[in-house]
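Shown next, in structure tokens, is the structure this report addresses.
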Amino acid sequence: MDIQELNTKAENTWCPGCPNFMILQSFKEAVAELADANKIKIKNTAIVTGIGCHAKIFDYVNLNSFSGLHGRVLPTLLGVKMSNPELKVIGFGGDGDTFSEGASHFIHACRRNADLTMVVHNNQVFALTVGQPTPTSERGFLDGYPPPGVTDQPLNPIALALINGATFVARTYALDKGHLKATLKQAIEHKGFSFVDILQPCIIFHNVVPYFQKNVYKLDKNYNPSNFKAALEKALEWDYCFDKGTKVPIGVFYQIKKPTFEEQLSVPDNPWYKTERKINWKEMTEEFKS
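Following my numbering, the numbering of the sequence shown begins with 733 at its first residue and continues without gaps.
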């Protein structure tokens, strides 16, 4: 397909130079390539967004879309999937959106293993509301927070996904476009709950680009993503703080096959979403006539 078909006429209001532009372009390319390879059907692909800078992607991709409430991407995503299991559904959330208000939903999405993809734009800050800390903000984070800054240990999304049963867990970096696109394609193709944590530094309120450029590295080609113990060890290698000398692994940490949530449900031979309906608006509105 022509990738231009995924464009919209909406004016883009992200800050100039924001890594979200890389995520947007990589996602559109991933979708177009998967469609060309007959891995997905555009008409059966839907996205759901929450609230935050990430959520503007809703306006910039020409797909079936739903813009939901803060922290409620995953229950909405699951509702879309359950209403029609034949759809390919992809959610976009921020780190505050997903791991603050949406933390309980994330845990249960991991353990249910419905066939859906959750992509988190992780900039470790509430950027849309000008710089408050999120559950993934590092210790000592001060911007938008009184001294001595954040004292809590940041939440580790990779470890959280692993210990709660996600069957595809990956981390990528917004400024490595090739790796980002490849990771998104793998996640979308995976059958089961796939989680992608995108390191997406906010260049205004949390500009840690120099740190990532120096310390991000890709998992070795011989790394075995089916080894849970190895995956957890790699997940704990970086604690989402910015200590000197700490390396940040990116790649697919874990991937296994398990029955999906919808596969384990009792589905009738003629499910409702396949039923042909004839809607007679005249009959439906008859009772409202005066």
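Virtual Cβ for every residue (Gly too), placed ideally from N, Cα, C. Model, not experiment: these values are computed from the prediction.
Starting from the C-beta of residue i, find all residues in its chain whose C-beta is less than 6 Å away, skip the five residues before and the five after it, and write them out in chain order.
i           : result
residue 790 : 781, 797, 799
residue 922 : 900
residue 821 : 778, 809, 812, 813, 848
residue 926 : 849, 900, 919
Is it buried or exposed for residue i, if we count other Cβ within 10 angstroms and need 16 for buried?
i           : result
residue 784 : buried
residue 953 : exposed
residue 982 : buried
residue 755 : buried
residue 772 : buried
residue 924 : buried
residue 857 : buried
residue 742 : exposed
Do you know how far the Cα of residue j is from the Cα of residue i?
i            : j            : result
residue 918  : residue 752  : 19 Å
residue 1002 : residue 859  : 46 Å
residue 959  : residue 951  : 13 Å
residue 1007 : residue 816  : 12 Å
residue 937  : residue 862  : 7 Å
residue 974  : residue 943  : 8 Å
residue 831  : residue 1019 : 47 Å
residue 906  : residue 769  : 24 Å
residue 794  : residue 903  : 25 Å
residue 911  : residue 762  : 11 Å
residue 994  : residue 767  : 23 Å
residue 871  : residue 886  : 7 Å
residue 738  : residue 989  : 31 Å
residue 829  : residue 802  : 6 Å
residue 967  : residue 898  : 13 Å
residue 757  : residue 932  : 14 Å
residue 878  : residue 891  : 29 Å
residue 750  : residue 915  : 20 Å
residue 894  : residue 1009 : 42 Å
residue 819  : residue 977  : 44 Å
residue 764  : residue 920  : 12 Å
residue 833  : residue 930  : 19 Å
residue 840  : residue 873  : 29 Å
residue 928  : residue 835  : 15 Å
Mind checking whether residue i and residue j have CB atoms under 8 Å apart?
i            : j           : result
residue 869  : residue 851 : no
residue 804  : residue 853 : no
residue 786  : residue 825 : yes
residue 827  : residue 855 : yes
residue 949  : residue 979 : yes
residue 888  : residue 842 : no
residue 792  : residue 866 : no
residue 845  : residue 992 : yes
residue 1023 : residue 957 : Not covered by the structure: residue 1023. The range shown for the chain is 733 to 1022.
residue 735  : residue 760 : yes
For residue i, which beta-bridge partners are listed by DSSP?
i           : result
residue 850 : 823, 927
residue 983 : 903
residue 938 : 934
residue 799 : 781
residue 858 : 864
residue 949 : 981
In chain order, what residues of the same chain have a beta carbon less than 8 Å from the beta carbon of residue i, not counting five sequence neighbours either side?
i           : result
residue 746 : 752, 753, 785, 788
residue 909 : 754, 757, 758
residue 733 : 764, 767, 768, 774
Closest Cβ-Cβ distance between residue i and chain B: below 8 Å?
i           : result
residue 874 : You won't find chain B in this structure, because it holds only one protein chain.
Counting only the same chain and skipping the five closest in sequence on each side, list residues whose C-beta sits under 7 Å from that of residue i.
i           : result
residue 744 : 792
residue 939 : 933
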